[in-house]
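Some notes on the structure that comes next.
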Amino acid sequence: MVPSYDNNSEVGQSVGPWRRSAVSMAVVGAVFSVLILGLVAVNYIRGRVYEARLEKRLENLKIQIGKQSGDENALVEEVRRLDLEFRRSRLPRPDFSRTGGYLLLGSLAVFVIGVRLANSLAKKAARPLVGMGGAQGRQEGAGEQIREAAMARWSVIAALGLAGAIVLFLVLRPHVDFGLSEVADASYPTQEEISRNWHRFRGPEGAGVCADANIPDDWDGKSGKGILWKSKVPVVGHNSPIVWGDRVFLSGGDPNQLKVFCFDGLSGSLLWTGDVERTLPKPGEEVFDVMEDTGFAACTMATDGKRVYAIFVTGDVACFDFAGRSLWTKSLGIPDSVYGYASSLEMYRGFLLIQFDEADSEAGRSKLIALDGLSGDVVWQTKRPVANSWSSPIVAATASGDQIITAADPWVIAYEPNTGAEIWRVECLAGDVAASPVYANGLAFFIEPYSKIAAIRTDGKGDVSKTHIEWSVDEPGPDICSPIGNSEFVFVLNSDGLALCFGAADGKTLWEEDIREDFLASPSLVGDKLYLLTEKGVMIIAEATPKYKELARCELGERCHASPAFANGRIYIRGVENLYCIVKERPQAP
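Take the sequence shown: its position 183, counting from 1, is numbered 183 in the numbering used here, and each next residue is one higher.
If you want it as structure tokens, here you go:
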């Protein structure tokens, strides 16, 4: 006899496979949720335990470097290795957690939908009223159940396989992507590449020295003689141009906009403009006001040959690639600076160095910051016991190793560039320090405005105020212009036109010359010639010898506040409105 079913049993036969698929979907969602939750938990524990221990070890090594008096190369190399390991572990972790969170929400949604769908279908499932079927009916029913079970098993296997593939991708992706970016982007330029370019304020080491013998020494802006091109700069700024290859970068700003500009060094064409979002005062804070002499873009940019970096008076930092794509931005907060923040940027390998001095020394707010050039993350940060300043840090290749050397009231301080650990300090400055230090002939040279010029040996440890000042001369030091030096001489230039030359070894005054011009740009040294750019835009070229001798005057025809840049046989000068490229001779047309 054929088994008899009511209408509900027919419905049961139709919804059975769907209910089993819904159950399978719920099982997969549950399994996947457990897997993702476990991975996210492991990622969290890794950050709280492993990275915390690694960071603590790094801090201890930095302290050892600051205290060690002997060979510290092994410690420095260990710090570099651990720092790279720490960043490789830390940087992908937030993305991992965020992606894991999204996947966990998705898998939980699959689980909930599967459970609700299975329950709904179960209510519709039918049962036979009378089980009077014969053997044939029972066999058909058993075969149907086997087919349904097989379909359910394959559904579970397929879903678990897909879930496993997604989990595998989630686990491997951060490591692979980060590793490739390290290989492709983390390299930094060689010293030979740096020496061929003008990558920061006053060029390599901030020294203002150009070794190129083919620099022009005769031009005239009015007639166009020696002027390869002249291009309008869209937004005002007092920062100097920087040069890498055939790219020239500078920045500009006003109350409504902060900009980065890239010009073609051969044609003068504006290749791209980068927009930077500025920090606005918080509710209740005073409206941010900037001195006209400082402006919104007084800080000179820096580049590592792949990316360019800018900082503005608002404390906003921005990074762009050479195609003009914004890579990252960071706000350090509006600095408490009497005249407005104006310290230029420096590079050390993959680090962007920022001397962020603000308020007075008692406030404890000044600091030296190293940002990762790739990400903008803080690599290290060191507090500085100094008042707000306007000088820029330099990285000097001393006999004792690379040092970041800084100047501010009242300390000259040197730091280890990989860690930010203090190496030595000298108490010798006072007042509003704007002139940046320079390093030459084994000595670091500093200026106290209106008061003195000093030379310091750089092989000390700790406070060496009483032991490492090589010489100090009480002369009216510049209030704005930075000094310049070589193995024989140190030259300083006051803003009112008084120029002085000292012996680098002993500080003996060799000559004084009242040029009777106003200066804001710092002097430059090209071979054995001094290049002195007046505020009126006249370049005075003089011999860099024990006796002052003027060789030429070249008029640009536009007022100038910024120091010139020298690279590839060309001079780049920023006027108050235009950017100029000056050459020794015009290139011949092909």
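Don't be surprised by glycine CBs; every beta carbon is placed ideally from N, CA and C.
Item to check | Close-in-space but distant-in-sequence residues of the same chain around R127 (CB under 6 Å, 5 per side omitted) | outcome: Here residue 127 is taken as the residue at index 127 of the sequence shown, counted from 1. Only weak support exists for where R127 lies, its pLDDT of 48 falling under 50; the coordinates are left without a value.
Next on the checklist: Suppose the cutoff is 6 Å on Cβ atoms and the five residues either side in sequence are ignored; what does the same chain contact list for T406 look like?
Outcome noted: Position 406 of the sequence shown, counted from the start, is the residue given in the question as residue 406. Same-chain partners within the cutoff: Q355, P393, I413.
Checklist entry - How would you label A552, buried or exposed, when you count the other beta carbons within 10 angstroms and need 16 or more for buried? => result Taking the first residue of the sequence shown as 1, we reach residue 552 at position 552. With fewer than 16 other Cβ atoms inside 10 Å of its own Cβ, A552 counts as exposed.
Next on the checklist: Classify V42: buried if its beta carbon has 16 or more other beta carbons within 10 angstroms, exposed otherwise.
Outcome noted: As a first step, residue 42 must be located in the sequence shown, where it is residue number 42. Answer is exposed; the Cβ neighbour count stays below 16.
Item to check | Those residues which DSSP pairs with W198 across a bridge | outcome: For this step, residue 198 is matched to residue 198 along the sequence shown. DSSP output for W198 lists V243 as bridge partner(s).
Checklist entry - Is R516 helix, strand or coil when you go by DSSP? => result Residue 516 sits at position 516 when you count from the first residue of the sequence shown. Of the three classes helix, strand and coil, the one that applies to R516 here is coil, per DSSP.
Item to check | Distance CB(A397)-CB(G442) smaller than 8 Å | outcome: Indexing the sequence shown from 1 puts residue 397 at position 397. Indexing the sequence shown from 1 puts residue 442 at position 442. A distance of 8 Å or more separates the beta carbons of A397 and G442.
Next on the checklist: Closest to A454 by C-alpha separation, out of G485, N568, D218, would be which residue?
Outcome noted: Counting from one through the sequence shown, the residue named residue 454 turns up at place 454. Comparing Cα-Cα distances from A454 to each of G485, N568, D218, the minimum goes to G485.
Checklist entry - If you count every other CB in all the chains shown that lies within 10 Å of the CB of V183, and 16 or more means buried, which is it? => result Here residue 183 corresponds to residue number 183 of the sequence shown, with the count starting at 1. At V183, the pLDDT of 34 sits below 50, so the modelled position is not reliable and the matter cannot be decided from this model.
Item to check | First through last residue of the beta strand (DSSP E) which encompasses L270 | outcome: As a first step, residue 270 is located in the sequence shown; it is residue number 270 there, counting from the start. For L270, the enclosing beta strand (DSSP E) covers residues 270–276.
Checklist entry - Would K383 be called buried (16 or more neighbouring beta carbons within 10 Å of its own) or exposed? => result For the purposes of this step, residue 383 is identified with residue 383 of the sequence shown, where counting begins at 1. Counting of Cβ neighbours within 10 angstroms places K383 among the exposed residues, the total staying below 16.
Item to check | Check whether R200 and G208 have beta carbons under 8 Å apart | outcome: Counted from its first residue, the sequence shown places residue 200 at position 200. Counted from its first residue, the sequence shown places residue 208 at position 208. No.
Checklist entry - Buried or exposed: where does M291 fall if 16 or more other Cβ atoms within 10 Å of its Cβ makes it buried? => result By one-based count along the sequence shown, residue 291 stands at place 291. By the neighbour-count rule (16 or more Cβ atoms within 10 Å), M291 is not buried but exposed.
Checklist entry - Just reading off the beta strand (DSSP E) that R307 is part of, what are its end residues? => result Residue numbering aside, residue 307 sits at position 307 when the sequence shown is read from its first letter. Residues 307–311.
Next on the checklist: Here's a check: name, in chain order, each residue in its chain whose Cβ is nearer than 8 Å to the Cβ of P234, leaving out the five neighbours to either side.
Outcome noted: Counting from 1 along the sequence shown, the entry for residue 234 is found at position 234. These residues qualify, in order along the chain: G252, K259, F261, L270, T273.
Next on the checklist: Here's the rule I'm using: 16 or more other beta-carbon atoms within 10 Å means buried, otherwise exposed. How should D357 be labelled?
Outcome noted: What you label residue 357 is simply residue 357 of the sequence shown in a count that begins at 1. By the neighbour-count definition (other C-beta atoms within 10 Å, threshold 16), D357 is a buried residue.
Item to check | Contacts around V317, its chain only, beta-carbon distance under 8 Å, and the 5 residues preceding and following it disregarded | outcome: Within the sequence shown, numbered from 1, the residue matching residue 317 stands at position 317. Within the same chain, Cβ atoms closer than 8 Å to the Cβ of V317 are found at Y309, A310, I311, T329, K330, S331, L332, L352, I354, L371, G376, the five residues on either side in sequence being excluded.
Item to check | Reduced DSSP secondary structure (H/G/I, E/B, other) of S251 | outcome: Indexing the sequence shown from 1 puts residue 251 at position 251. DSSP places S251 in strand when its eight states are reduced to three.
Checklist entry - Smallest Cα separation from V473: which of E286, K508, A444? => result Reading the sequence shown from its first residue, position 473 is the one you call residue 473. Sorting E286, K508, A444 by C-alpha distance to the C-alpha of V473 places K508 at the top.
Checklist entry - Taking the DSSP output, what are the residues bridged to T632? => result Because the chain in this structure spans residues 1 to 590, residue 632 falls outside the shown range and cannot be described.
Checklist entry - Taking buried to mean at least 16 other C-beta atoms within 10 Å of its own C-beta, is Q381 buried or exposed? => result Taking the sequence shown and counting its residues from 1, one reaches residue 381 at position 381. Exposed is the call here.
Item to check | Within 8 Å, strictly: CB atoms of A342 and S361 | outcome: Taking the first residue of the sequence shown as 1, we reach residue 342 at position 342. Taking the first residue of the sequence shown as 1, we reach residue 361 at position 361. No, the Cβ-Cβ distance between A342 and S361 is not below 8 Å.
Next on the checklist: According to DSSP, simplified to helix, strand and coil, what is R574?
Outcome noted: Translated into positions along the sequence shown, residue 574 becomes position 574. For R574, the secondary structure class from DSSP, reduced to helix, strand or coil, is strand.
Next on the checklist: Can you look up I215 in the DSSP assignment and give me helix, strand or coil?
Outcome noted: For the purposes of this step, residue 215 is taken as the residue at position 215 of the sequence shown. Coil.
Next on the checklist: For V176, count the other beta carbons within 10 Å of its own beta carbon; 16 or more makes it buried, fewer makes it exposed. Which is it?
Outcome noted: Taking the first residue of the sequence shown as 1, we reach residue 176 at position 176. Legend: pLDDT at V176 = 35, less than 50; position of this residue unreliable, value from coordinates given subsequently. By the Cβ neighbour-count rule, V176 is exposed, with fewer than 16 other Cβ atoms within 10 Å of its own.
Item to check | Contiguous beta strand (DSSP E) assignments of at least 3 residues, all confined to the stretch 404–484 | outcome: Taking only runs of at least 3 residues, the beta strand (DSSP E) segments lying wholly in the stretch 404–484 are 411–415, 422–427, 438–440, 443–448, 452–457, 469–473.
Checklist entry - Using DSSP with H/G/I as helix, E/B as strand and the rest coil, what is Y44? => result What you label residue 44 is simply residue 44 of the sequence shown in a count that begins at 1. Judged by DSSP in its simplified three-state form, Y44 adopts helix.
Item to check | Beta carbon of D409 nearer than 8 Å to that of V433 | outcome: For this step, residue 409 is matched to residue 409 along the sequence shown. For this step, residue 433 is matched to residue 433 along the sequence shown. Yes, Cβ-Cβ distance for D409 and V433 is below 8 Å.
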